[in-house]
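Using our numbering, read the sequence shown as starting at 46 and increasing by one per residue.
Virtual Cβ for every residue (Gly too), placed ideally from N, Cα, C.
For reference, the structure is listed below as structure tokens.
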Amino acid sequence: MRLTRWNKETAPSLEALRGALTGEGYSVSEWTDPSGTVYPVHTHEFLEIRVVVRGRLRVGLPETGEEIVLGPGDRLDLPADVPHWADVNGDGAVVYLCASKDPHKK
């Protein structure tokens with residue numbers, strides 16, 4: 046797992062974040078979840094990346110007990126098969142990008 050915190054004064058734009066991920070060769074989709082959304086423990090077949098555009102997304106890793114709160118511009122790279130959960134903690138919705146590469150595609 047790799048966590049990269051956004052360290053600039055202003056949050057990056059959706060377009061800039063999407064462009065950076067597609068430039069790295071990832072397929073990118075945009076998600077918006079309202080406050081109170083919960084994703085129970087699950088895994089992904091491939092490396093998955095989450096980058097928050099607006100709001101806050103909390104991700105938990107049950108194997109280590111770690112909880113990470115992602116804010117605007119923060120990026121979390123989750124390796125394949127790592128159990129994790131996520132929820133929207135905060136007063137408003139979260140907008141984030143999900144990115145992945147299918148290693149079987151040429």
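How would you call residue 96, buried or exposed, if buried means at least 16 neighbouring beta carbons within 10 angstroms? buried
Inter-stretch contact at 8 angstroms, needing at least 3 Cβ pairs: the region 79 to 91 / the region 51 to 60: no
What does the Cβ neighbour count give for residue 147, buried or exposed, with the cut at 16 atoms within 10 Å? exposed
For residue 71 and residue 143, I'd like the C-alpha separation in whole angstroms. Put simply, the backbone Cα of residue 71 is about 9 angstroms away from that of residue 143.
Which same chain residues end up closer than 6 angstroms to residue 77 when comparing Cβ atoms and leaving out the 5 residues on each side of it in sequence? 138, 140
How should residue 126 be labelled, buried or exposed, when 16 other C-beta atoms within 10 angstroms of its C-beta is the threshold for buried? exposed
Contact check, residue 48 vs residue 94, beta carbons under 8 angstroms: no
Which residue marks the beginning of the beta strand (DSSP E) containing residue 131, and which one marks its end? 129 to 132
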